[in-house]
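1 is the number of the first residue of the sequence shown in UniProt numbering; add one for each residue after it. For each residue, glycine too, the CB sits at the ideal point set by N, CA and C.
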Amino acid sequence: MSVTTDGDRVVLTHPEDKTSTVTILNYGATVISWKLKGKEQLWVSEAAKLDGSKPVRGGIPLVFPVFGKSKTDDALSKLPQHGLARNSAWEFLGQTKSNPPTVQFALSPEIANPELTKVWPFDFSLILTVELGIDFLKTDIEVTNPSKSQELKFNWLFHTYLKTEDIEDTFVSNLVGMELYDQLLQETYVDKHPVVTIHEEKDVIYRNIDDDRLIQVVRKGEPIHTLKRHNLPDAVVWNPWIAKSKSMADFEPKTGYQTMICVEPGHVHDLITLAPGETWNAYQLLYRDTLKYQAI
Ligand code: BG6
């Protein structure tokens, strides 16, 4: 069996290589583990709550319909940081393909967290498709506006926590020349650095990155994660570093910032607007690749 359900989670095992697995929690449809040839690729806090009491600190939480806190949209501003998808239990729809093993989860207002749909009363239908290759993980999202009369305005983001052995000798490549908004400095500027390195707290949003630009996380010259995006023009790079890690109760160990980096592809700079009946689709593909240097 390449797909098994185990209470609150679904586990996919690749039929041709049993050491490639992915585990998805029904809560938030959060990927909480992805093993490639037996090696964990995602960072998950040792204190992460997996019982539905709060969003998971680690893995791939899903951000919808708002990234951060909205300051511009009245309805969205009533939602908590990063919206309602990561704090709602999704419905497991089942397996849609046996090789590569593929499953789907769904979320709509009928089953989403009622406290949150009360303050943001919009109709929506989300389908998350998770596909496990021998050497890749694809997470694909489809958002439909089922309303007959109302527009649907939203952000989407895959809040991907990637694992590295040591952040001090890790860099993120292929973002040189991109415009970014620095959430800490609250300034917009163009990144002139050939690569992104992390030696302090970092919280930046790169904008308008072409689909064909691969983002790579490189450690000691070796690309340990390659990220391909479709329809996700923005990317957040986040590392909480020392003080911010201490302030998050569910971030453990407190030195965990040394072994993680969030690279979060999304559509967050502006809102996607869907007319009644329209559908929007995007995906994130994680895999291993050789070093690809893409200059501007
Ligand atoms: C990142 C944001 O996407 O998520 C950061 O850019 C934020 O500003 C981080 O601190 C974690 O957010 P949360 O709500 O999971 O603590």
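E115 lies in the alpha helix (DSSP H); which residues open and close that run?
-> Segment P114 to V119, the alpha helix (DSSP H) holding E115.
Would the beta-carbon of Q81 be found less than 6 Å away from any heavy atom of the ligand BG6?
-> Yes, the Cβ of Q81 comes within 6 Å of a heavy atom of the ligand BG6.
When every heavy atom of the ligand COA is checked, does at least one fall within less than 6 Å of the C-beta of V44?
-> By its list of ligands, the structure shown excludes the ligand COA, since it contains just the ligand BG6.
Of all the options K246, S247 and E40, which has the alpha carbon lying nearest to the alpha carbon of Y287?
-> Ranked by Cα distance from Y287, the first of K246, S247 and E40 is E40.
How big is the Cα-Cα spacing for W43 and L162?
-> Going from the Cα of W43 to the Cα of L162 covers about 5 Å.
CA-CA distance, D17 and T23?
-> So the alpha carbons of these two residues sit roughly 15 Å apart.
Would you be able to state if there are at least three C-beta pairs under 8 Å between the region 238-253 and the region 199-213?
-> Taking a cut-off of 8 Å for Cβ pairs, the region 199-213 and the region 238-253 touch, as three or more such pairs fall below it.
Between the region 257-266 and the region 163-170, do three or more beta carbon pairs fall short of 8 Å?
-> Judged by Cβ distances under 8 Å, the region 257-266 makes contact with the region 163-170, as three or more pairs qualify.
Is D140 near the ligand BG6, judged by its Cβ being under 6 Å from some heavy atom?
-> Relative to the ligand BG6, even the nearest heavy atom lies 6 Å or more away from the CB of D140.
Out of curiosity, what's the CA-to-CA distance linking N266 and K78?
-> According to the sequence provided, residue 266 is Gly. The question's Asn does not apply to it. When rounded, the distance between both Cα atoms is 21 Å.
Report the residue ranges of all alpha helix (DSSP H) runs contained in full by the region 91-170; include only those spanning at least 4 residues, in chain order.
-> If we require 4 residues or more, the alpha helix (DSSP H) runs fully inside the region 91-170 come out as 114-119.
Residues that DSSP places opposite H230 in a beta bridge = Residue pairing by DSSP puts H230 in a beta bridge opposite Y283.
Between the Cα of D73 and the Cα atoms of Q186, V119 and D169, which residue gives the shortest distance?
-> Answer by Cα proximity: V119.
Distance CB(H225)-CB(V217) smaller than 7 Å | For the pair H225 and V217, the CB atoms are nearer than the 7 Å cut-off.
Out of I141, V196 and P15, state which residue places its alpha-carbon closest to the alpha-carbon of A106.
-> Of the candidates I141, V196 and P15, the one whose C-alpha sits nearest the C-alpha of A106 is I141.
Let me know the secondary structure DSSP gives I60 once reduced to three states.
-> Residue state, collapsed to three classes: strand.
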